[in-house]
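K.L.:
Dropping the structure in here first, questions after.
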Amino acid sequence: MSRSGPAGPSPSLRVALALVALTAPLVPRRHRPRWRDQWRADLWYQATAAPGAPSTTALLARAFGMLPHAAVLRVHDWRNLMLLHDVRYAVRALVRRPGFTAVAVLTLALGVGANTTIFSWIDAMAFDPVPAVEGDDRLVALQFAQGARDNLSFSYPNYVDVRDARLPEFAGVAAYDLVALNLRIGDEPERIWGQVVTANLFEVLEVRGALGRTLQMSDDRAPGASAVLVISDTLWRRRFAADPQVVGRTVLVNSAPFTIVGVAPPGFIGPMNGLAADVWLPMMMQAAIVPGDRLQARGHGWLQAFARLAPGVSGREAQAAADVVAARLAQDHPGTNEGRRLLVAPMWSDGAGSVLLPVLTVVLGVVALVLLIACTNVAGLLLARASGRRREIAVRLALGASRGRLVRQLLTEASVLAAAGGAAGLLLTIWTSRILPAVLPPMPFPVHFAASVNWRVFLFALGVTLATALVFGLVPALAASRSSVVPSLKDGAGAAGGGRGSTRLRKGLVVAQVALAMVLLVGAGLFLRTLQHASDVDPGFGARQGFFARLDLQAGDYDDDSGPAFYRDLLDRVEGAPGVSRAALATYVPLTVGGGSDTSARIEGYEPDEREQMTLYYSMVSSGYFETLGIPLVRGRGIEARDTAEQPLAVVVNETMAKRYWTDGDAVGKRLDYGGGGWATVVGIARDGKYNAINEPPRNYLYIPVSQVFRPDVALIVRTSGDPGGVVPSVQQTVRALCRCTT
Amino acid sequence: MGQRLSFGTVAILHAIASGNEFGFDIMDATGLTSGTVYPALDRLEERGLLRSRWEDPRIARREGRPSRRYFKLTAAGATALGVALERHKSLRPVDLPGRRRPSEA
Numbered sequence: 010m011s012r013s014g015p016a017g018p019s020p021s022l023r024v025a026l027a028l029v030a031l032t033a034p035l036v037p038r039r040h041r042p043r044w045r046d047q048w049r050a051d052l053w054y055q056a057t058a059a060p061g062a063p064s065t066t067a068l069l070a071r072a073f074g075m076l077p078h079a080a081v082l083r084v085h086d087w088r089n090l091m092l093l094h095d096v097r098y099a100v101r102a103l104v105r106r107p108g109f110t111a112v113a114v115l116t117l118a119l120g121v122g123a124n125t126t127i128f129s130w131i132d133a134m135a136f137d138p139v140p141a142v143e144g145d146d147r148l149v150a151l152q153f154a155q156g157a158r159d160n161l162s163f164s165y166p167n168y169v170d171v172r173d174a175r176l177p178e179f180a181g182v183a184a185y186d187l188v189a190l191n192l193r194i195g196d197e198p199e200r201i202w203g204q205v206v207t208a209n210l211f212e213v214l215e216v217r218g219a220l221g222r223t224l225q226m227s228d229d230r231a232p233g234a235s236a237v238l239v240i241s242d243t244l245w246r247r248r249f250a251a252d253p254q255v256v257g258r259t260v261l262v263n264s265a266p267f268t269i270v271g272v273a274p275p276g277f278i279g280p281m282n283g284l285a286a287d288v289w290l291p292m293m294m295q296a297a298i299v300p301g302d303r304l305q306a307r308g309h310g311w312l313q314a315f316a317r318l319a320p321g322v323s324g325r326e327a328q329a330a331a332d333v334v335a336a337r338l339a340q341d342h343p344g345t346n347e348g349r350r351l352l353v354a355p356m357w358s359d360g361a362g363s364v365l366l367p368v369l370t371v372v373l374g375v376v377a378l379v380l381l382i383a384c385t386n387v388a389g390l391l392l393a394r395a396s397g398r399r400r401e402i403a404v405r406l407a408l409g410a411s412r413g414r415l416v417r418q419l420l421t422e423a424s425v426l427a428a429a430g431g432a433a434g435l436l437l438t439i440w441t442s443r444i445l446p447a448v449l450p451p452m453p454f455p456v457h458f459a460a461s462v463n464w465r466v467f468l469f470a471l472g473v474t475l476a477t478a479l480v481f482g483l484v485p486a487l488a489a490s491r492s493s494v495v496p497s498l499k500d501g502a503g504a505a506g507g508g509r510g511s512t513r514l515r516k517g518l519v520v521a522q523v524a525l526a527m528v529l530l531v532g533a534g535l536f537l538r539t540l541q542h543a544s545d546v547d548p549g550f551g552a553r554q555g556f557f558a559r560l561d562l563q564a565g566d567y568d569d570d571s572g573p574a575f576y577r578d579l580l581d582r583v584e585g586a587p588g589v590s591r592a593a594l595a596t597y598v599p600l601t602v603g604g605g606s607d608t609s610a611r612i613e614g615y616e617p618d619e620r621e622q623m624t625l626y627y628s629m630v631s632s633g634y635f636e637t638l639g640i641p642l643v644r645g646r647g648i649e650a651r652d653t654a655e656q657p658l659a660v661v662v663n664e665t666m667a668k669r670y671w672t673d674g675d676a677v678g679k680r681l682d683y684g685g686g687g688w689a690t691v692v693g694i695a696r697d698g699k700y701n702a703i704n705e706p707p708r709n710y711l712y713i714p715v716s717q718v719f720r721p722d723v724a725l726i727v728r729t730s731g732d733p734g735g736v737v738p739s740v741q742q743t744v745r746a747l748c749r750c751t752t
Numbered sequence: 108m109g110q111r112l113s114f115g116t117v118a119i120l121h122a123i124a125s126g127n128e129f130g131f132d133i134m135d136a137t138g139l140t141s142g143t144v145y146p147a148l149d150r151l152e153e154r155g156l157l158r159s160r161w162e163d164p165r166i167a168r169r170e171g172r173p174s175r176r177y178f179k180l181t182a183a184g185a186t187a188l189g190v191a192l193e194r195h196k197s198l199r200p201v202d203l204p205g206r207r208r209p210s211e212a
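Chains H and R supply the protein sequences, listed in that same order.
The opening residue of the first sequence carries number 10 in my numbering; numbering runs sequentially from there.
The opening residue of the second sequence carries number 108 in my numbering; numbering runs sequentially from there.
Shown next as structure tokens:
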């Protein structure tokens, strides 16, 4: 580097001086010459004459200080020039026309409010998937997948193997199942939702009890050993009046005594996205809570699992670890795990979010279009108003205001309008964010989303508001500033016309508005067509008049003998009630929310491929099921009253299954084994139907007599000859008179 | 005047009063970055605490470089610095772990 002046600038100085030239346009014009001269001189002096001249890096580091310097001058300039003055002027102009302002603000408030409301719901599902749990962004759902099927449950042995693999990527792995329970406190029974959980669940979630303790590893020592439970804050307040002495009290869960050991913190609903539980019971008490022993069968998936990622572990690393475990499971237990992948998924994919998020995303797209229509509406209003202000604008131009200055002024007015609309929309959202449960269709699940206006929702509203201001403000502002001075000043009447350009713009806005409205209209039309198609699709059952109600016999001490006898008695009486034409029981009613179950199966004489997973969807049904729902039998017979526990096991299969596993679909008289319970004979083939969704492809389906394999949780399906509404009370009375169950 | 001066501003005024008249000299004396020093110099001049003048262009031309901008304290700046230094006098030396008080050194 040259130390004497005339030798010319060094390369690093050249770079620094180039930066000065590049940055100069950012500096306000009135400061620019002084700014440029000062930086050039100081950099030059520093590079050539200053004692102890800095290195190239140090010189450039110093040179970069010119950017904040330029930014400070620019902001200062804006503050002086525009903001305060323009905002004050804009507010005055809007207040002078209260009618216009009210219409514009209301239009924007509805648009911004609708968008922010939908976003607040999406936010509650996706960004706060497990309420009242710190660091829930480090929680991931673990799900099995096989072929095209995903979100498959864990069996308990599979869970234990994943947990005990102790992968360093996972700080902890827990599992749970949501179950309907009969809770009896004193003499009052109540149907509530609870979760059977692994005892480490609270530890993995890092949740401490607000009162007493949570579950701990010792609660999972041995099956049936630890009859304890943790209750939710809601239940504690509702049923125990927030009694601080509640720990140690005994309650009956499905007739078994459990001791309350703690109360969960307020807002905690368990790990399942959007579905609230009121009690948490240890996994080892499973047999007292849900039928059967589910702790041994590796093929019986019924648990949802999740993990907390170890600090610093990314989703990709977690997936790689999950792949390793899945490979190990497939190697150790090929019968149940061959070909199964283990997927690391976001927490919202287990629970209500998995159903609602895709729907809400589409709705957000629709309300964004509505906001765009609102924007064009307001833009039209602004344009009309600008026509009325042509004289004012012309005067300002004549007095020397630049067009840029005018555009800035008009944009500020649009921003003030948008800010008022955005603020009103946000206020609206405070109320509307809580109405999600009210707009959902009735579901037999405890749907719960704690949507609120938090910082993310606030930022979203702010972004939408700013975008709105730009969309509806920019075009009218540019158009207004283009008006000609002389004609506007000479002719006051010109104020109403607005010139050819302005007219074209107004027409353009109308076209845009109609186009957007058309998009919405076509979208709505397509939705209607889809709905019409859906109602035209043959669901496979003919029943059109009737109702169903869920029964829960778990509180009634029914066993494998008394349960089926009770069902027979119940069906006899219900069918005798006036207005009832047929009645039946089933564990799963087609096309209702809740999904079916699947079971592993073996089919006599059928050799599955090496990679073929032999699992079948099924429903347990009573006699009269096919007649009640109007499902035609293609061959053989349906489930009948004679299919009792004493008789050989019988099943009915659907057409798809018959064709899939037996030559020519000749299944009647053939045998299969479901769930390892011994050979059952196929007694009939039912017509195919839709089971989970109206658009699903044909699938294998199995009907098992509930009179041979007792299940205490069934739905009573009633087909009526007339209006179902009139029959419901008498059926309700019959059920209440007969059983100690809850409906 | 009225407004209290920040530590950074006091440091800049102090550096100028100590004979550092150019932007980079002031940075070296205070340890502050150029992004802090230059805007502060503009602000202080606007408030009347500093006065700037450009170097005689003939000298600069002779040395083949642009004219530099010199900064000097105004009377108001000198008063403000005096008040600020008086206020900061209340910062008495304290015991710090592993260090001795300057007075005990």
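All C-beta atoms in this analysis are idealised placements derived from N, C-alpha and C, irrespective of residue type, glycine included.
(1) Given this structure, state the Cα-to-Cα distance separating residue 753 of chain H from residue 744 of chain H, to the nearest angstrom.
(2) Of all the options H:117, H:33, H:42, which has the alpha carbon lying nearest to the alpha carbon of residue 475 of chain H?
(3) Let me know the alpha helix (DSSP H) ranges lying completely inside the segment 528 to 587 of chain H, each 4 residues or longer, listed in chain order.
(4) Who are the neighbours of residue 464 of chain H on chain R, taking C-beta pairs under 7 Å?
(5) Does residue 66 of chain H get closer than 8 Å to chain R when you measure Cβ to Cβ?
(6) According to the Cβ coordinates, are residue 629 of chain H and residue 574 of chain H closer than 8 Å?
(7) So, for residue 164 of chain R: in the same chain, excluding its five sequence neighbours on each side, which residues have a beta-carbon less than 7 Å away from its beta-carbon?
(8) Given a threshold of 16 other Cβ atoms within 10 Å of its Cβ, counted over all protein chains shown, does residue 195 of chain R qualify as buried or as exposed?
(9) How close, in whole Å, do the beta carbons of residue 267 of chain H and residue 238 of chain H come, if the pair is a contact with beta carbons under 8 Å?
(10) Return helix, strand or coil for residue 734 of chain H, following the three-state DSSP convention.
(11) Let me see if you follow: with CB-CB separation under 8 Å, is residue 125 of chain R close to chain H or not?
(12) How many angstroms separate the CA atom of residue 519 of chain H from the CA atom of residue 374 of chain H?
(13) What's the gap between the Cα of residue 68 of chain H and the Cα of residue 29 of chain H?
(14) Are the C-beta of residue 50 of chain H and some C-beta of chain R separated by less than 8 Å?
(15) Around the C-beta of residue 119 of chain R, are 16 or more other C-beta atoms found within 10 angstroms, so that it is buried, or is it exposed?
(16) From the DSSP output, in three-state form, read off residue 87 of chain H for me.
(17) What in chain R is Cβ-close to residue 46 of chain H, meaning under 8 Å?
(18) With a threshold of 8 Å between beta carbons, is residue 146 of chain R in contact with chain H?
(19) Please go through the segment 331 to 368 of chain H and give each complete alpha helix (DSSP H) segment of 4 or more residues, from N-terminal end onward.
(20) Just to confirm the assignment: which complete beta strand (DSSP E) runs, minimum length 3, are found wholly within the segment 128 to 157 of chain H?
(21) Mind pulling the chain H residues with CB within less than 8 Å of residue 113 of chain R?
(22) May I have the straight-line CA-CA distance separating residue 259 of chain H from residue 313 of chain H, to the nearest angstrom?
(23) Using a Cβ-Cβ cut-off of 8 Å, state whether residue 137 of chain R counts as contacting chain H.
(24) What does a CB cutoff of less than 8 Å around residue 190 of chain H pick up in its chain, not counting 5 residues either side in sequence?
(25) At a CB-CB cut-off below 7 Å, which residues of chain R make contact with residue 57 of chain H?
(26) Are the Cβ atoms of residue 163 of chain H and residue 179 of chain H separated by less than 8 Å?
(27) Using a beta-carbon distance below 8 Å, is residue 155 of chain R in contact with chain H?
(28) Taking 8 Å as the cut-off, does the segment 606 to 616 of chain H touch the segment 642 to 661 of chain H (at least 3 CB pairs, one atom from each stretch)?
(29) Tell me which residue opens and which closes the beta strand (DSSP E) that residue 204 of chain H is part of.
(30) Which residues mark the beginning and the end of the beta strand (DSSP E) in which residue 288 of chain H is found?
(31) Check whether the Cβ of residue 167 of chain H sits closer than 7 Å to any heavy atom of the ligand MN, and report yes or no.
(32) Along chain H, which residues have their Cβ under 9 Å away from the Cβ of residue 142 of chain R?
(33) What would DSSP say about residue 663 of chain H, mapped onto helix, strand or coil?
(34) Beta-carbon of residue 130 of chain R versus every beta-carbon of chain H: anything under 8 Å?
(35) Name, in chain order, the residues that DSSP records as bridge partners for residue 185 of chain H.
(36) Could one say the Cβ of residue 54 of chain H lies closer than 8 Å to chain R's Cβ atoms, at least one of them?
P.N.:
In short:
(1) Within the shown structure, residues of chain H are numbered from 10 to 752, placing residue 753 of chain H beyond reach of any answer.
(2) As a working mapping, residue 475 of chain H is identified with position 466 in the first sequence. The residue with the shortest Cα to Cα distance from residue 475 of chain H is H:117.
(3) 571 to 585
(4) Walking along the first sequence from the start, residue 464 of chain H turns up at place 455. Near residue 464 of chain H there are no residues of chain R at all, since even the closest Cβ is about 29 Å away, more than 7 Å.
(5) Position 57 of the first sequence holds residue 66 of chain H. Taking Cβ atoms only, chain R never reaches closer than 8 Å to residue 66 of chain H, which makes this a no.
(6) Taking the first sequence and counting its residues from 1, the one referred to as residue 629 of chain H is at position 620. Taking the first sequence and counting its residues from 1, the one referred to as residue 574 of chain H is at position 565. No. Outside cutoff.
(7) Translated into the one-based positions of the second sequence, residue 164 of chain R becomes position 57. Excluding sequence neighbours, residue 164 of chain R sits near 174.
(8) Sequence index remark: in the second sequence, residue 195 of chain R carries index 88 (1-based). It is exposed - the Cβ of residue 195 of chain R has fewer than 16 other Cβ atoms within 10 Å.
(9) Indexing the first sequence from 1 puts residue 267 of chain H at position 258. Indexing the first sequence from 1 puts residue 238 of chain H at position 229. The Cβ separation is near 5 Å, so the contact holds.
(10) Numbered from 1 along the first sequence, position 725 holds the residue referred to as residue 734 of chain H. Here residue 734 of chain H sits in helix by DSSP.
(11) Taking the second sequence and counting its residues from 1, the one referred to as residue 125 of chain R is at position 18. No, its Cβ sits nowhere closer than 8 Å to a Cβ of chain H.
(12) Indexing the first sequence from 1 puts residue 519 of chain H at position 510. Indexing the first sequence from 1 puts residue 374 of chain H at position 365. Computed Cα separation, rounded: 21 Å.
(13) Here residue 68 of chain H refers to the residue found at position 59 of the first sequence. Here residue 29 of chain H refers to the residue found at position 20 of the first sequence. Their Cα atoms are separated by approximately 13 Å.
(14) Translated into the one-based positions of the first sequence, residue 50 of chain H becomes position 41. Cβ-Cβ to chain R under 8 Å: yes for residue 50 of chain H.
(15) Mapped onto the second sequence, residue 119 of chain R falls at position 12. By the neighbour-count rule (16 or more Cβ atoms within 10 Å), residue 119 of chain R is buried.
(16) Translated into the one-based positions of the first sequence, residue 87 of chain H becomes position 78. Reduced to three states, the DSSP call for residue 87 of chain H is helix.
(17) Counting from one through the first sequence, the residue named residue 46 of chain H turns up at place 37. Correct list: 161, 173, 174, 176.
(18) Taking the first residue of the second sequence as position 1, residue 146 of chain R is located at position 39. For residue 146 of chain R, the answer is yes, since a Cβ of chain H falls inside 8 Å of its Cβ.
(19) 343 to 346
(20) 148 to 155
(21) In the second sequence, residue 113 of chain R corresponds to position 6, counting from 1. The contacting residues do not exist; residue 113 of chain R stays about 15 Å from chain H at best.
(22) The residue you call residue 259 of chain H lines up with position 250 of the first sequence. The residue you call residue 313 of chain H lines up with position 304 of the first sequence. Roughly 28 Å between the two C-alpha positions.
(23) The sequence position of residue 137 of chain R within the second sequence is 30, counting from 1. No, residue 137 of chain R does not count as interfacial toward chain H.
(24) Against the first sequence, residue 190 of chain H aligns to sequence position 181. So the qualifying residues of the chain are 200, 201, 202, 203, 262, 263, 288, 298, 563.
(25) Along the first sequence, one-based indexing puts residue 57 of chain H at 48. Those within 7 Å of residue 57 of chain H in chain R are 172.
(26) Taking the first residue of the first sequence as position 1, residue 163 of chain H is located at position 154. Taking the first residue of the first sequence as position 1, residue 179 of chain H is located at position 170. Against a cut-off of 8 Å, the Cβ pair of residue 179 of chain H and residue 163 of chain H comes out as no contact.
(27) Working through the second sequence from its first residue, we reach residue 155 of chain R at position 48. Closer than 8 Å: no.
(28) no
(29) Locating residue 204 of chain H in the first sequence gives position 195, where the first residue counts as 1. Looking at the DSSP string, the run of the beta strand (DSSP E) that includes residue 204 of chain H is 197 to 206.
(30) For this step, residue 288 of chain H is matched to residue 279 along the first sequence. Where residue 288 of chain H is concerned, the enclosing beta strand (DSSP E) stretches over 288 to 291.
(31) The ligand MN is absent from the structure shown, which contains no ligands of any kind.
(32) As a first step, residue 142 of chain R must be located in the second sequence, where it is residue number 35. Here the neighbours are 73, 74, 75, 76, 77, 78, 80, 81.
(33) By 1-based counting over the first sequence, the position of residue 663 of chain H is 654. Three-state DSSP puts residue 663 of chain H in a strand.
(34) As a working note, residue 130 of chain R is residue 23 in the second sequence. Taking Cβ atoms only, chain H reaches closer than 8 Å to residue 130 of chain R, which makes this a yes.
(35) Along the first sequence, read from residue 1 onward, the residue named residue 185 of chain H stands at position 176. For residue 185 of chain H, which the question treats as bridged, DSSP gives the partners H:206, H:313.
(36) On the first sequence, residue 54 of chain H is found 45 positions in, with the first residue counted as 1. Yes, residue 54 of chain H lies at the interface with chain R (some Cβ there is under 8 Å from its Cβ).
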